[in-house]
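First up is the structure itself, then whatever we jot down about it.
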Amino acid sequence: MAESSVSFLLNQLATLTQEERQLLGRLDENVQHIRSQLEFMRASLRDADAEEDGDPRLQAWFKQVREVAYDAEDVIETFMLQFANLRAEDGFCGCVQKIYISLKNLRVRHNIASDLENIKGRITNISKGREMFQRDSGAQLRSSSTFVFDGRVDAIFVDEAKLVGIDRPKKLLIKELLDDETRLKAVSVWGMGGSGKSTLVKRIYEDERVKGKFQCHAWITVSRSIGIVELLKDLIRKLHREIKEPMPQELELKQEVELKELVKKFLSERQYIIVFDDVWSTDSWNDLKHALPAKNMSSRVVLTTRILDVASLASRTEYPGYVHVMKALSYEDSWKLLCNKTFGDKTILRHLKDSADGILDKCKGLPLAIDAVGGLLAMKDKNSIEEWSTVCSYLNTKLHGYSDNLERIRQVLLLSYYDLPYDLKTCVLYLSIFPEDHMIDHMRLIRLWIAEGFVQGKERLTKEDVALHYLEALINRSLIQVAERYPDGRVNLCRIHDIVHEILVSKSNEQNIVNTEMGRDSELPDKVRRFAIRTSIDSGHLETNRLKYLRSLILTASVDSRFESFLSKLLSGSRKLLKVLDLRDAPLGKISNEVFKHYHLTYLSLRGTEVKVIPESIGQLQCLETLDLKNTKVIFLPIEILKLKRLRHLLVYKYKPAIDYILPFDSVQSFKAPYRIGCLSSLRKLCCIEADQMGDTTIVREIGKLTQLRRLSIGKLRREDGKDFCSSLKKLTELRSLDVGSIREDEIIELQDALYFKFLRNLRLWGRLEKVPQWIPSLHSLTRVALRHNKLSNDPLESLQDLPSLAHLLLDTTFEGEKLEFKAEKFQRLKTLEIWRLNGLRKIVVEKCTMPNLDELGLGFCKLVELPIDFEHLNKLQYFQINNMAKNFVEALENQKRSEGSNWKLAHVPKIVVVDDEQGRRYL
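Here's what the structure looks like:
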């Protein structure tokens with residue numbers, strides 16, 4: 001979006017004229033003139049925004065505006081870079097330095113003055129160009145001028161799971177999966193993109209009957225950009241993760257033949273169901289099927305594909321098969337889906353029916369199209385026939401003469417895109433940095449949006465809050481799909497439908513938002529601003545010729561060992577204008593010194609690399625807002641980190657793996673920070689800092705100065721730190737997540753002062769407690785509690801049972817008593833309960849109507865004699881894992897199952913897994 005480029009530049013100019021007026025001198029007049037012209041141009045851009053896909057002259061004008069904004073930004077940021085460190089000292093050295101600075105100023109100012117004159121002339125010509133043409137339009141969709149926070153978004157967001165038209169095909173396919181065929185069977189679901197294949201299969205995959213029938217389950221997304229080796233690794237990870245077993249050693253180093261053998265060995269004695277979603281070629285299927293054992297275990301494979309040859313091949317292989325053809329939704333189901341998306345539980349208003357009929361006629365029963373247009377209509381005025389008629393007329397114009405249903409979906413999705421407020425358009429185009437079918441960490445996306453300058457704080461909302469609202473709005477409009485949620489319903493992972501991805505990549509390339517390694521060097525623009533590596537490639541073939549003005553380098557795929565050489569060449573040869581450097585999982589053992597010459601760097605991620613040392617030159621990155629060192633080997637930060645006054649996210653921690661299903665006490669690797677960490681007053685996230693530094697309490701006192709913190713993780717706390725730590729916590733009123741760990745397993749965490757956190761959602765305490773902190777029952781927003789190594793003598797459930805939002809509770813070496821009591825009507829929203837290593841536990845009491853929503857239960861390493869009598873009242877329980885429990889406990893369950901049959905208290909639970917050291921893993 002040209003508008004976002006101009007807006008970002010205007011923000012830069014405002015900062016420059018406010019903070020650097022002395023340095024600007026006579027240049028200030030030119031800067032002010034450019035600023036005035038750009039303000040006028042931005043208003044014109046917003047007026048022209050809805051016409052974006054029309055007149056090619058307008059497209060050319062947009063491109064000119066973007067390029068002049070980019071070039072002006074280059075000039076301004078080069079100026080800021082030149083003068084960033086030119087501050088004279090006192091004394092003789094200061095005099096010499098002032099003379100040098102004055103001479104350098106003259107040269108720099110002359111060059112910049114010339115560049116600014118050139119920019120002024122270009123802007124004047126571009127402004128005149130807009131006046132030379134105006135577009136006549138009939139039915140024209142007008143996008144919103146700006147994003148408005150609307151309660152309707154949240155309501156629709158919650159209701160997005162309402163599905164229609166799947167009951168009959170779901171019943172048919174479940175019958176195919178659960179029939180008496182003992183051989184391996186392949187079921188293919190074939191249909192065009194957007195016809196609802198994945199949605200239907202996902203519902204079947206999650207059905208209780210299907211879950212209960214099979215011992216292992218895996219959902220694998222097969223896209224055109226992922227090779228067989230990565231697919232097999234993904235399958236192995238998911239199979240092992242489901243049963244909570246350690247990954248095979250050196251998995252990342254294994255090749256295709258070895259990986260297929262691992263899969264075969266794992267599945268050979270198990271009844272499994274595996275979904276391969278979005279299979280694009282017969283070659284992909286042929287590669288995958290040879291990894292699947294075909295023993296007579298009644299196992300099933302499900303494929304979704306838009307290629308008929310793939311579906312046909314899978315159904316006529318050496319084992320039985322079935323092909324289901326997706327059909328368009330009926331008129332009635334189309335109506336229902338539109339109403340669900342647009343009005344929630346309400347029926348459509350009568351005065352809108354004619355317009356809605358016309359819209360549905362254009363969607364031709366295609367779920368993705370109806371879902372997308374429904375999300376758009378939900379944002380329109382329900383009392384305005386004109387707004388709905390405009391949408392209908394727009395579709396009439398755009399779809400006239402199209403018989404291809406895929407093109408219909410594209411046009412409807414483009415309608416959703418064009419209707420976006422201008423401040424969301426760049427955000428959605430930026431998603432083209434990710435490869436097709438990539439699982440996107442929502443926090444990574446939000447931080448990147450902020451770093452790129454796409455998001456600004458509004459009123460009382462932080463940038464992160466605004467970005468989260470943007471994400472929800474894009475989900476509502478079906479431009480982003482939710483892949484995984486937290487227990488409290490918040491988005492964790494998201495993805496992009498492949499049709500949407502094609503559109504975003506095309507638009508992004510067209511507007512020079514993001515360029516990728518996919519094109520040849522000759523196909524790249526002369527000045528690449530953002531470069532994303534989205535596929536696994538040979539780094540030796542990457543060129544840097546057109547990357548001198550690069551602002552962002554982002555890795556979303558694996559690279560080889562030669563990437564380090566490419567990176568060094570890129571950084572040393574660039575104009576030092578980088579703002580975003582995301583090197584997640586790159587094969588790097590150290591950071592190039594060239595990184596720290598990029599004064600404007602706002603986002604630096606080395607997550608998952610082998611980096612051990614952060615040099616003192618980190619202090620030069622005074623614009624840095626995000627420093628992500630998660631899963632690196634960094635355990636110390638130099639004092640120069642304190643110069644980074646804009647830092648918002650400081651993530652320096654690593655989780656250690658479980659050993660035989662048991663997490664060690666020191667499962668989180670923390671880092672040593674400089675004593676005056678409290679001067680970083682912009683911090684929102686700080687993970688995981690060491691409290692104890694040579695027996696000093698300075699760190700815990702300094703934390704109280706970080707009043708903007710939303711997430712705090714602190715380890716190695718001593719008992720004597722308690723008073724100062726509680727005093728600091730009282731000042732952290734914005735906390736959403738709090739992790740606290742003691743220095744030793746037997747060290748008491750002293751947290752008994754009266755504390756209150758209005759917004760706290762996650763609480764993790766690892767270390768000894770004399771009693772549950774008295775303030776925990778007051779935390780009404782708390783959704784997840786993890787208590788580890790606390791060794792309490794009193795039942796902790798008394799303090800937790802009335803928490804109104806609690807969805808996930810983990811107790812690990814928490815309690816030394818003999819009885820846990822889950823009382824009636826308590827834990828009303830609890831979905832996941834884990835009880836591990838309560839060595840003194842002999843009895844669990846489960847009263848009626850407790851934990852009515854419990855979905856998953858884990859019980860392990862305890863000395864229980866029997867299961868609670870009233871367990872059958874947990875009627876929503878889907879998964880129960882019994883891990884290394886006493887032999888007589890498991891035998892009692894097996895005897896009960898044999899003797900009581902369908903009347904057994906656990907007969908309603910689809911999946912019960914028993915794990916022990918002697919017999920491994922089995923299903924009860």
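The working numbering puts the first residue of the sequence shown at 1, with every later residue one more than the last. Ideal placement from N, C-alpha and C gives every residue a C-beta, glycine not left out.
*With respect to the alpha helix (DSSP H) encompassing A467, which residues constitute its N-terminal and C-terminal limits?*
Looking at the DSSP string, the run of the alpha helix (DSSP H) that includes A467 is 463-476.
*Ordered along the chain, which non-local residues of its own chain (more than five positions away) have a Cβ less than 8 Å from that of W449?*
C427, Y430, V455, A467, Y470.
*Please report the residue range of the alpha helix (DSSP H) in which V700 lies.*
Start and end: 698-703.
*Who are the Cβ neighbours of S799 in its own chain at under 7 Å, not counting the five residues just before and after it?*
For S799, same chain residues with a beta-carbon under 7 Å away, outside a window of 5 residues either side, are V772, I776, P777 in chain order.
*When the Cα atoms are used, what is the spatial distance from V890 to W766?*
Near 29 Å, if we compare the C-alpha coordinates of W766 and V890.
_Enclosing alpha helix (DSSP H) for S384 [first to last residue]_ = Looking at the DSSP string, S384 is not in any alpha helix (DSSP H), and its letter there is neither H nor E.
_Bridge partner(s) assigned by DSSP for T305_ = Looking at the DSSP assignment, T305 forms a beta bridge with W190.
*May I ask you to report which of helix, strand or coil DSSP gives F827?*
Shown here, F827 sits in coil according to DSSP, grouped into three states, outside any helix or strand.
_Can you give me the C-alpha to C-alpha distance between S902 and S223, rounded to a whole angstrom?_
Rounded to whole angstroms, S902 to S223 spans 43 Å at the Cα level.
*Pull up the DSSP beta-bridge partners for Q896, would you.*
None; Q896 has no bridge partner.
*asked:* Tell me the DSSP secondary structure of R241 in three-state form.
replied: Correct three-state label for R241: helix.
_Length of the line joining the Cα atoms of F612 and Q896_ = Note on identity: in this sequence residue 612 is Lys, with Phe being the wrong assignment. C-alpha of K612 to C-alpha of Q896: approximately 55 Å in a straight line.
*A532 and I554 closer than 7 Å at C-beta*: For A532 and I554, yes; Cβs fall inside 7 Å.
*Short check: CB of S592 to CB of L571, under 7 Å?*
Yes, the pair counts as a contact, with Cβ atoms nearer than the cut-off.
_With distance defined between alpha-carbon atoms, name the residue in P674, K289, G741 nearest to L232._
The shortest Cα separation from L232 among P674, K289, G741 belongs to K289.
*Express the C-alpha separation of I618 and I641 in angstroms, rounding to a whole number.*
Spanning the two alpha carbons is a distance of roughly 6 Å.
*Kindly indicate which three-state DSSP category Y655 falls into: helix, strand or coil?*
When DSSP states are grouped into helix, strand and coil, Y655 belongs to the strand group.
*Enumerate in chain order the residues of its own chain whose CB-to-CB distance from L732 is below 6 Å, with the five nearest sequence positions on each side excluded.*
Close CB contacts of L732 within its chain, under the 6 Å cut and outside five residues either way in sequence, are with L709 (chain order).
*State the start and end residues of the unbroken beta strand (DSSP E) segment that holds K597.*
Annotation for K597: no beta strand (DSSP E) segment contains it, and DSSP assigns it neither H nor E.
*Mind checking whether N853 and K876 have CB atoms under 7 Å apart?*
Between N853 and K876, the C-beta spacing is below 7 Å.
_Any heavy atom of the ligand GDP closer than 6 Å to the beta-carbon of L732?_
Ligands displayed in this structure: none; no statement on the ligand GDP is therefore possible.
*Measure from the alpha carbon of D381 to the alpha carbon of each residue in L352, P421, R209, then state which is nearest.*
With distances taken between Cα atoms, D381 lies closest to L352.
*Spatial distance of T282 from L337 (CA atoms)*: Their Cα atoms are separated by approximately 34 Å.
_Contact the segment 381-390 vs the segment 409-419: 3+ CB pairs below 8 Å_ = Short answer: they don't touch.
*Could you check what DSSP says for A557 in three-state terms: helix, strand or coil?*
Residue state, collapsed to three classes: coil.
*Please determine, among W904, D277, V668, the residue with the shortest C-alpha to C-alpha distance to H873.*
The option with the nearest alpha carbon to H873 is W904.
*Cross-strand partners of K185 (DSSP beta bridge)*: Beta-bridge pairing links K185 to R300.
*Report yes if the CB atom of K746 is closer than 7 Å to the CB atom of C726, and no otherwise.*
In the sequence as displayed, the identity of residue 746 is Asp instead of Lys. Cβ atoms of D746 and C726: not closer than 7 Å.
*asked:* Here's a check: name, in chain order, each residue in its chain whose Cβ is nearer than 6 Å to the Cβ of G722, leaving out the five neighbours to either side.
replied: Excluding residues within five positions, the ones whose Cβ falls inside 6 Å are E750.
*Cβ neighbours of Q801 in the same chain (closer than 7 Å, five flanking residues each side left out)*: Closer than 7 Å at Cβ, skipping near neighbours: K823, K826, F827.
_Run of the beta strand (DSSP E) containing W836, from where it starts to where it stops_ = In the DSSP assignment, W836 falls within the unbroken beta strand (DSSP E) covering 832-836.
*Close beta carbons around P615, own chain, < 6 Å, minus the five adjacent residues each side*: Around P615: no qualifying Cβ.
*Could you name the residues of the same chain whose beta carbon sits closer than 7 Å to that of E436, not counting the 5 residues immediately before and after it, in chain order?*
So the list reads S223, R224, S225, D498, H501, once near-sequence residues are dropped.
*In angstroms, rounded to a whole number, what distance separates the CA positions of D696 and L717?*
Approximately 11 Å between the Cα atoms of the pair.
*Assign I480 to one of three DSSP states: helix, strand, or coil.*
I480 carries a coil assignment under DSSP once its states are collapsed to helix, strand and coil.
*In whole angstroms, what separates the C-alpha of F276 from that of R168?*
Answer to the nearest angstrom: the Cα atoms are 22 Å apart.
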